[in-house]
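Under numbering that gives the first Met the number 0, the first residue of the sequence shown carries the number 0, and numbering increases by one thereafter.
Beta carbons: idealized from backbone N, C-alpha and C, even for Gly.
All values derive from a computational prediction rather than experimental measurement.
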Amino acid sequence: MKWTFFIALIVSALGFSQNTTSQLEFVDFKKASAAIQLDAFSNEVSGEVIFELDVLKNTNSVFLDAKNLVNYKATINGKEVKTIYDGEKLVVESRFRESETKKIKISFTSFPSKAMYHIDEDNDRKWEQVWTQGQGKYTSNWLPSIDDMNDKMVWDFKITAPQNKTVIANGSLKDVAASSDFKTWTYDMKKPMSSYLVAIVAGDYEVKRDSSNGGTPLEFYYYTGQEDKVASTYKYSKQIFNFLESEIGVAYPWQNYKQIPVKDFLYSGMENTGTTIFNDQFFADSLGANDRSYVNVNAHELAHQWFGNLVTETDSKHHWLHEGFASYYALLAERNIYGDFYFQKQLFDYAEALHEQSSNGKSTALLDPKANSLTFYQHGAWALHALKDEVGTDNLRASIKEYLKSNQYKNVTTEDFLDAVERISMVDLSNFKTFWLTSTTFPTAEALRILRKDAQMEKYLQLSARRISSFDESYNSYKETLQDPIEVEMVKEMVAQLSIHDDPRKYDLIKKALALNNLEINQLFVLSTQELNDQNRELVTNLINDPSYVTRESALFLLWNDAKDKRALLEKARASWEEINPSLDMSWIVLALNSSGYSNEELKPLLIRLQSYSSTKYSTEIRTAAFDYLINLNAMSQQNYKDLMEASLHHVWRFYENARDILKAQYKKENGKFFINQSMDSFDTINQEKLKKILGIN
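So this is what it looks like as structure tokens:
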């Protein structure tokens with residue numbers, strides 16, 4: 000009896016080891032129906048998921064990826080079954096027999112440390128916004144699921160959240176049921192996807208609805224009370240959607256398409272199935288949209304709905320099938336908006352960056368699973384462009400259409416794609432694969448050969464070669480650049496080169512360039528101007544009201560440095576602005592604090608306003624700038640130190656790394672150490688320990 004029990008344990012352990020590596024040959028998960036509740040005052044997630052699966056081979060266990068569980072239970076046909084949980088995977092033990100269809104219900108409570116983020120803007124310990132990020136962070140951190148992207152399933156959701164919040168998830172909204180304090184939002188999907196593409200957002204949102212030319216419902220979400228930013232943010236969204244659907248040649252593969260801005264997002268955007276989440280720094284008024292365009296991110300994430308979501312890589316060796324394709328189709332969408340030369344110039348910029356990476360010995364093959372983002376994105380885009388040159392536009396378009404249709408809702412490799420291209424084009428792609436996919440260096444010469452096929456790009460390359468020429472040698476080229484037909488990208492290159500020349504004749508060229516009234520040219524000029532003189536003073540003055548916050552801010556600094564009556568300058572500029580954003584406001588305040596003519600009574604509220612910009616209400620970018628300003632002014636309040644400590648615990652790594660460096664530097668100062676120690680008790684025990692570790696306090 001003892002030996003029987005011992006052998007059973009060994010068999011169970013062997014099954015556990017085998018099946019937690021890969022279980023695709025044993026079971027196929029078909030559907031997941033999740034019902035979850037978001038706690039209003041914590042990051043707790045509770046609920047249940049019912050998984051439907053087909054058994055392909057006999058096995059005594061299946062597993063789910065599940066991290067951060069504090070309570071869990073598995074049932075099959077209403078009967079609780081044995082589970083083994085190691086903090087990473089939940090193994091469900093039962094008799095799974097070939098050809099059976101099983102339903103497993105997992106009841107759970109989790110406290111996710113990542114992948115689901117609760118945004119508390121006012122530090123009242125009650126979140127204003129919740130959003131998820133599965134790719135790279137794993138949905139299994141908050142929801143039992145399957146991390147393996149090769150196991151796709153249909154996901155349905157019932158999400159219960161505080162009644163005053165709007166909830167968005169993958170699929171179509173089928174029902175909203177209200178109770179006294181909560182609402183339950185029911186979403187339904189029709190097609191399978193990898194679990195990393197599961198998405199939930201909850202917050203204070205309203206939505207503008209539209210539809211594509213093909214009838215796909217389009218939903219543009221915006222923060223309650225900020226409808227004025229909808230037109231500027233989503234200006235090209237419908238055009239991009241219609242263009243990509245036509246260019247790709249395969250109908251949009253999901254029920255609808257939603258775009259949702261969120262605060263403090265980890266990246267620019269994320270292409271969750273039918274549900275793109277993007278950083279709300281792109282959700283901007285007309286001036287802000289001029290400074291930080293959403294167009295490329297918009298097009299990139301939409302392209303992923305085909306390349307990444309409809310067809311998904313088997314593993315990271317083939318990651319360029321996601322990012323390279325999305326990057327290239329985003330460029331095609333931008334060409335549709337901005338013109339062909341813009342497209343060519345972007346490819347040139349990509350090639351320059353990739354050539355520099357190769358020259359520094361940091362490049363890898365495109366098929367290297369450890370390649371960096373520059374390689375997967377820009378090199379991947381270039382590989383597609385080179386392939387178009389190799390086989391022709393029509394052949395590539397037909398090949399991609401065949402590739403998508405043959406592999407829809409499946410997983411793919413590079414070979415699957417190349418096979419489709421070779422079948423359609425009848426071209427041997429061996430050399431292409433060597434040059435563009437397996438070589439560890441970027442083929443710069445080949446890229447330049449392709450670029451030089453465009454006559455305008457040949458002119459641009461000749462102009463860019465003037466970067467190392469004298470002004471006299473370049474002067475005629477500059478004058479030709481300003482002759483019709485004028486290309487903005489050519490003029491931008493000229494203005495950039497003029498910034499390094501001292502010849503006074505350059506100002507006549509700059510005046511003609513600025514007369515084009517192009518936002519990018521204006522901004523490039525003012526950003527590259529070091530100081531004012533009699534030739535450029537009026538030119539900069541004319542840009543103080545340009546429809547760009549960045550241009551206004553740069554012009555203001557230049558004019559303030561040059562002004563005798565600094566207060567008069569600041570007051571005149573402020574009165575002329577109908578729109579102002581936090582960055583421009585902070586710059587204006589800092590200049591006022593450093594100007595004579597203001598009384599202490601006038602300066603005090605300005606300092607208080609500057610100090611407020613370090614709070615959790617603002618973006619990580621604004622908070623970083625606020626800390627820099629306040630430290631340079633020696634004006635950090637105790638609340639600012641609390642904000643800095645909170646920033647050191649933030650989920651956005653670039654932000655918290657910078658905050659930690661500042662915090663450690665301030666702790667070495669007597670005043671900073673005092674305020675930091677005074678603020679420590681305002682944090683809970685866990686976060687106090689984290690802060691002490693950051694500061695090296697025993």
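Check: Which same chain residues, not among the five before or five after residue 693, have their C-beta less than 6 Å away from its C-beta?
Finding: Counted from its first residue, the sequence shown places residue 693 at position 694. Same-chain partners within the cutoff: 647, 659.
- prompt: Would you say residue 102 and residue 49 are within 8 Å of each other, going by their C-beta atoms?
  reply: Working through the sequence shown from its first residue, we reach residue 102 at position 103. Working through the sequence shown from its first residue, we reach residue 49 at position 50. For the pair residue 102 and residue 49, the CB atoms are nearer than the 8 Å cut-off.
CB of residue 346 within 8 Å of CB of residue 381, strictly | Numbered from its first residue, the sequence shown carries residue 346 at position 347. Numbered from its first residue, the sequence shown carries residue 381 at position 382. Yes, these two residues count as a Cβ contact at 8 Å.
Bridge partners - residue 51, DSSP secondary structure assignment
Locating residue 51 in the sequence shown gives position 52, counting from the first residue. Under the DSSP definition of a beta bridge, residue 51 partners with 30, 102.
Note to self: On a Cα-Cα basis, can you pick out the residue from 453, 292, 418, 326 that is closest to residue 305?
What the structure shows: Taking the first residue of the sequence shown as 1, we reach residue 305 at position 306. Residue 305 has its Cα closest to that of 326, out of 453, 292, 418, 326.
Taking Cβ positions, are residue 196 and residue 272 nearer each other than 8 Å? Reading the sequence shown from its first residue, position 197 is the one you call residue 196. Reading the sequence shown from its first residue, position 273 is the one you call residue 272. Yes, the pair counts as a contact, with Cβ atoms nearer than the cut-off.
### Task
Determine the burial state of residue 17: buried for a count of at least 16 other Cβ atoms within 10 Å of its Cβ, exposed for fewer.
If you number the sequence shown from 1, residue 17 lands on position 18. Since pLDDT at residue 17 reaches only 42, below the 50 mark, its modelled position is unreliable, and the value read off the structure follows with that caveat. Exposure of residue 17 is indicated by the presence of fewer than 16 other C-beta atoms within 10 angstroms of its C-beta.
For this session: Use the C-beta contact count for residue 61: other C-beta atoms within 10 angstroms, 16 or more gives buried, fewer gives exposed.
Result: For this step, residue 61 is matched to residue 62 along the sequence shown. That one is buried.
Exercise. May I ask you to verify whether the stretch 506-518 touches the stretch 528-546, counting CB pairs closer than 8 Å and requiring at least 3?
Key: Yes: the two stretches touch, three or more of their Cβ pairs being nearer than 8 Å.
Under the three-state DSSP convention, the category residue 71 falls into: The residue given as residue 71 occupies position 72 in the sequence shown. Three-state DSSP puts residue 71 in a strand.
Tell me where the beta strand (DSSP E) around residue 500 begins and ends. Here residue 500 refers to the residue found at position 501 of the sequence shown. Counting along the chain, residue 500 falls outside any beta strand (DSSP E), and DSSP gives it neither H nor E.
So what's residue 191 in DSSP terms, helix, strand or just coil? Indexing the sequence shown from 1 puts residue 191 at position 192. The three-state secondary structure of residue 191, taken from DSSP, is coil.
Checklist entry - Alpha carbon to alpha carbon, how far is residue 151 from residue 131? => result For the purposes of this step, residue 151 is taken as residue 152 along the sequence shown, with counting starting at 1. For the purposes of this step, residue 131 is taken as residue 132 along the sequence shown, with counting starting at 1. Residue 151 and residue 131 have their alpha carbons spaced roughly 19 Å apart.
Contact check, residue 263 vs residue 525 under 8 Å by CB: the rounded distance? For this step, residue 263 is matched to residue 264 along the sequence shown. For this step, residue 525 is matched to residue 526 along the sequence shown. Going by Cβ atoms, the distance from residue 263 to residue 525 rounds to 30 Å, so no, they are not a contact pair.
>> Just to confirm the assignment, what range does the alpha helix (DSSP H) spanning residue 333 have?
In response: Counting from one through the sequence shown, the residue named residue 333 turns up at place 334. Annotation: the continuous alpha helix (DSSP H) that includes residue 333 extends over 319-337.
Hey, could you find the ends of the beta strand (DSSP E) residue 202 is sitting in? For this step, residue 202 is matched to residue 203 along the sequence shown. Per DSSP, residue 202 belongs to the beta strand (DSSP E) from 199-202.
- Message: Once DSSP output is grouped into helix, strand and coil, what is the label at residue 111?
- Response: As a working mapping, residue 111 is identified with position 112 in the sequence shown. It is coil, neither helix nor strand.
By Cβ distance below 6 Å, which residues in the same chain neighbour residue 358 in space, the five residues on each side in sequence not counted?
-> The residue labelled residue 358 in the question sits at position 359 within the sequence shown. Excluding the 5 residues flanking it on each side, residue 358 has no same chain C-beta neighbour closer than 6 Å.
Requested in this report: Give the range of the alpha helix (DSSP H) segment to which residue 529 is assigned.
Outcome: One-based indexing of the sequence shown puts residue 529 at position 530. Unbroken run through residue 529: none, as it is neither H nor E.
- Message: If distances are taken between C-alpha atoms only, which option among 394, 478, 620 comes closest to residue 425?
- Response: Against the sequence shown, residue 425 aligns to sequence position 426. Residue 394 is the option with its Cα nearest to residue 425.
Next item on the list: Give the C-beta separation of residue 628 and residue 609 to the nearest angstrom, bearing in mind that I take them to be a contact with Cβ-Cβ under 8 Å.
Entry: As a working note, residue 628 is residue 629 in the sequence shown. As a working note, residue 609 is residue 610 in the sequence shown. Residue 628 to residue 609, Cβ: 6 Å. Contact.
**Ordered list of beta strand (DSSP E) runs contained in the stretch 210-268, each at least 3 residues** = For the stretch 210-268, whole beta strand (DSSP E) runs of length 3 or above, ordered along the chain, are 216-222, 256-261.
Every unbroken alpha helix (DSSP H) within the stretch 604-662, with a cutoff of 4 residues, ordered by chain = You should have 619-631, 637-646.
Next on the checklist: Taking the alpha-carbon of residue 166 as reference, which of 140, 200, 156, 227 has the nearest alpha-carbon?
Outcome noted: Walking along the sequence shown from the start, residue 166 turns up at place 167. The candidate whose alpha carbon is nearest that of residue 166 is 200.
Short check: CB of residue 402 to CB of residue 419, under 8 Å?
Translated into the one-based positions of the sequence shown, residue 402 becomes position 403. Translated into the one-based positions of the sequence shown, residue 419 becomes position 420. Yes, Cβ-Cβ distance for residue 402 and residue 419 is below 8 Å.
- Task: Please name the residue, chosen from 315, 92, 637, that lies closest to residue 670 on a Cα-to-Cα basis.
- Result: One-based indexing of the sequence shown puts residue 670 at position 671. If you compare the alpha carbons of 315, 92, 637 with that of residue 670, the shortest gap goes to 637.
Got a sec, what are the start and stop residues for the beta strand (DSSP E) residue 581 sits in? Here residue 581 corresponds to residue number 582 of the sequence shown, with the count starting at 1. Following the DSSP letters along the chain, one finds residue 581 in no beta strand (DSSP E) but inside the alpha helix (DSSP H) bounded by residues 581-592.
For residue 458, which of helix, strand or coil comes out of DSSP? As a first step, residue 458 is located in the sequence shown; it is residue number 459 there, counting from the start. In the three-state reduction of the DSSP assignment, residue 458 falls in the helix class.
Counting Cβ pairs closer than 8 Å, one from the stretch 284-292 and one from the stretch 335-345, do we hit at least three?
-> With a cut-off of 8 Å, the stretch 335-345 and the stretch 284-292 do not count as touching, because too few Cβ pairs lie within range.
Next on the checklist: Let's test the definition: count the other Cβ atoms within 10 Å of the Cβ of residue 268 and tell me whether it reaches 16, buried, or not, exposed.
Outcome noted: Translated into positions along the sequence shown, residue 268 becomes position 269. Counting C-beta atoms within 10 angstroms of its own C-beta, residue 268 has 16 or more neighbours from the protein chains shown and is therefore classed as buried.
Cut-off 6 Å between Cβ atoms - residues of its own chain near residue 45, not counting five sequence neighbours on either side
By one-based count along the sequence shown, residue 45 stands at place 46. Cβ neighbours of residue 45 beyond the five flanking positions: 36, 108.
Residue 408 to residue 461 span [Cα, whole Å]: Walking along the sequence shown from the start, residue 408 turns up at place 409. Walking along the sequence shown from the start, residue 461 turns up at place 462. Distance between the alpha carbons of residue 408 and residue 461 is about 46 Å.
- Message: By DSSP's criteria, residue 274 is part of a beta bridge. Which residues make up the other side?
- Response: Residue 274 sits at position 275 when you count from the first residue of the sequence shown. Per DSSP, 257.
When you compare the stretch 328-339 with the stretch 293-309, are there three or more beta-carbon pairs, one atom per stretch, that lie closer than 8 Å? Contact between the stretch 328-339 and the stretch 293-309 is present, because at least three Cβ pairs lie under 8 Å.
**Request:** Specify the secondary structure class of residue 15 as computed by DSSP and reduced to three states.
**Result:** In the sequence shown, counting from the first residue as 1, residue 15 sits at position 16. Note that residue 15 has pLDDT 42, beneath the 50 cutoff, so the model's placement of it is unreliable and the number below is only indicative. For residue 15, the secondary structure class from DSSP, reduced to helix, strand or coil, is helix.
Requested in this report: For the beta strand (DSSP E) containing residue 305, list its first residue and its last residue.
Outcome: Looking up residue 305 in the sequence shown gives position 306. Careful: residue 305 lies outside any beta strand (DSSP E) and carries neither H nor E.
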